[in-house]
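Student:
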Amino acid sequence: MQFKDAVKWNTRVSALYAAGVWGMIGSYAYFRYTGQYKDITQVEENPNRFVHETAHSKTVIVYKEGFVPYTTRIYNLFKYLTGGSGDK
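In this text, residue positions in the sequence shown follow our numbering: the first is 3, and each later residue adds one.
Written as C-alpha cells, this is what we have:
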C-alpha cells in the first residue's frame, strides 16, 4: 500500500465515522425535540429485577441473589494468583 493510498483510506474512514457520529447526535436531538424520546424511569420494587418497556417489547432482567460479575471474579483470581492485595 502506497502512502497516498493510506491517506485516502484514512480520509474516507474519518468521513464515514464523522457522518455516523453526527447522524447519531442529530437523531437524538430530533427525538428529544419532538418529544418521542422518554427517559427510562425505574421503580425500585425489587432491586434484583429490572424492567425495560418500549412500545413494542417488554424486557425483564432478574439478577440472582448475591451475583458476582465475571470481571470481579477474574480480578479476584488474578489477585489471588499474584499474591497481591490488589489496592496499592
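Beta carbons: idealized from backbone N, C-alpha and C, even for Gly.
Looking at the structure shown, is V9 part of a helix, part of a strand, or coil, going by DSSP?
Tutor: V9 falls in the helix class under three-state DSSP.
Student: Look up K60 in the DSSP assignment and say whether it is helix, strand or coil.
Tutor: Strand, per DSSP.
Student: Are the Cβ atoms of V64 and R51 separated by less than 8 Å?
Tutor: A contact, by the Cβ cut-off of 8 Å.
Student: I'd like the span of the alpha helix (DSSP H) that includes L80, first residue to last.
Tutor: Contrary to the premise, residue 80 reads as Phe rather than Leu in this sequence. Unbroken alpha helix (DSSP H) run through F80: Y72 to T84.
Student: Return the chain-ordered list of same chain residues with a C-beta closer than 7 Å to the C-beta of T84, the five sequence neighbours on each side being excluded.
Tutor: Nothing meets the Cβ criterion.
Student: Please report how far the alpha carbon of V15 lies from the alpha carbon of I76, in whole angstroms.
Tutor: Their backbone Cα atoms lie some 35 Å apart in a straight line.
Student: Select from G22, A57, K81 and N48 the residue whose C-alpha is nearest the C-alpha of K66.
Tutor: Closest option to K66, Cα to Cα, is N48.
Student: Taking only three categories from DSSP, how would you classify F52?
Tutor: It is a strand residue.
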